[in-house]
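Sequential numbering of the sequence shown, starting at 1, is according to the numbering used here. Even for Gly, the Cβ is constructed at its ideal location relative to N, Cα and C. First the structure, in the form of C-alpha cells, and then the observations on it.
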Amino acid sequence: RVLLVDINAAARATCTTNLRDEGLDVASFVADFSDNAQIQAALEESVTQFGALDFVHNNAGALVARPLLEVEPADLDLMLNLNVRGVFWSCRYAVEIMRSLGRGGSIVNTASILAHRGDPVLPIYTATKHAVLGLTKAI
C-alpha cells in the first residue's frame with residue numbers, strides 16, 4: 001500500500017494511475033514539503049488511510065542553478081526549506097508516528113551525487129544535499 005504525496009496535482013495523478021495499473025493499493029495526498037504542518041498531515045494521512053506508516057521515502061526537492069555570486073535570498077530560502085527542512089520534518093514526524101504505533105519502520109532520503117562532491121554552478125543544491133546526507137547518517 002502506498003500513500004503518494006506531491007504538490008503537483010498532474011504528476012501525482014499520473015503516478016497514482018501508474019501504480020494502480022501495477023496492482024498497488026494507492027491513495028494520494030497533496031502537500032507542500034516546505035511546510036512542516038503539511039508534512040505532518042501527509043504522514044498522519046497514511047495512518048488514516050492504511051492504519052500504519054511503515055516506510056517513508058523523502059524524494060521532494062528543488063534545484064536552482066546559479067553560481068554563488070548570483071544566488072538570491074529567495075533561491076536560498078526555497079532550497080533550504082524544501083531540500084533540508086522538508087526532509088528534516090518528514091523524518092522527525094515519521095519517527096514519532098512509527099514509534100507511537102510500536103511497529104518501527106524505514107526512512108529513505110534521496111540526496112544526490114553532490115552530497116559527496118561540489119559543483120560551482122550548484123552551491124546551494126550541493127550544500128542542501130550534504131545536509132540530507134548528514135541528517136540521514138545522524139538518524
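**Prompt:** What number of angstroms, rounded off, separates the C-alpha of residue 97 from the C-alpha of residue 53?
**Reply:** 7 angstroms
**Asked** Nearest to residue 135 by alpha carbon, out of 45, 123, 109 and 117?
**Response** 109
**Asked** Do you know offhand how far residue 38's Cα is from residue 90's?
**Response** 10 angstroms
**Prompt:** What is the DSSP secondary structure of residue 130, counted as helix, strand or coil?
**Reply:** helix
**Prompt:** How big is the Cα-Cα spacing for residue 81 and residue 34?
**Reply:** 5 angstroms
**Message:** Assuming residue 12 and residue 30 are in contact, meaning their beta carbons sit under 8 angstroms apart, how far apart are those beta carbons, in whole angstroms?
**Reply:** 7 angstroms
**Item:** Beta bridge counterpart(s) of residue 107 as assigned by DSSP
**Value:** 56
**Asked** Among all the DSSP beta bridges, which residues are the ones paired with residue 112?
**Response** For residue 112, which the question treats as bridged, DSSP gives no partner whatsoever.
**Request:** Any chance you could list the alpha helix (DSSP H) runs of at least 4 consecutive residues sitting entirely within the segment 29-96, in chain order?
**Result:** 36-50 and 73-79
**Request:** Identify the continuous beta strand (DSSP E) that holds residue 3 and give its terminal residues.
**Result:** 2-5
**Request:** For the alpha helix (DSSP H) holding residue 8, just list the boundary residues, first then last.
**Result:** Looking at the DSSP string, residue 8 is not in any alpha helix (DSSP H), and its letter there is neither H nor E.
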